[in-house]
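Participant:
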Amino acid sequence: MNKLVFFALIAFAFLWACQQTDKAPQKSLNPNGDSELALLMRTMYEETMEMKKALKEGEKYDHSFETEAIFTATPTEEGKNASTTYKAFAQNYQHVMEQYAEASGKDLKGSYEQIVGNCQSCHQAICPGPLRRIRHLEL
């Protein structure tokens, strides 16, 4: 009898989990939409938070996204990434990410701080909206 109850519960749980719901798709949290660049920036933020966490634990986190995408991702506002200012910040970001990849030991903290500083400088000059969130990356 216990086996029958067990299997009935498993079957019920399976059927309940598989039921379809009429929920509306979740609305984007970004009021400007989810452009390729916005999604990339979110990934960059999440991975930089992982870097921060690892650094606090005395470890190094190796990011998984391609930094070159910062040059080709479609922005929310057309042409926003075409300016020489944006391109200069993007090149600097790629450079500080390469420095972080090569850093070790006590150099990791300074390299990490350069990454966060570059993010802050770029967003101060080009797109200030995320600055409050970027401050969470500071050590």
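Take any residue in the sequence shown, count from 1 to its spot, add 1288: that is its number in the numbering used here.
Glycine residues also receive a C-beta, built at the ideal position from the N, C-alpha and C atoms.
For the candidate residues Glu1366, Arg1420, Thr1331, whose alpha-carbon lies nearest to that of alanine 1428?
Facilitator: Residue 1428 lies beyond the range of the chain shown here (1289 to 1427); nothing can be said about it.
Participant: Determine, using beta-carbon pairs with one atom in the segment 1404-1422 and one in the segment 1376-1386, whether at least three such pairs fall under 8 Å.
Facilitator: Because the criterion of three Cβ pairs below 8 Å is met, the segment 1404-1422 and the segment 1376-1386 touch.
Participant: Please confirm if the segment 1359-1371 is in contact with the segment 1330-1349, defined as three or more CB-CB distances below 8 Å between the two stretches.
Facilitator: The segment 1359-1371 vs the segment 1330-1349: no contact.
Participant: Express the C-alpha separation of arginine 1423 and isoleucine 1403 in angstroms, rounding to a whole number.
Facilitator: Approximately 12 Å, taken between the alpha carbons.
Participant: Go through its chain and collect everything with a Cβ distance to glutamate 1338's Cβ below 6 Å, but skip five positions before and after it.
Facilitator: Excluding sequence neighbours, glutamate 1338 sits near Tyr1349.
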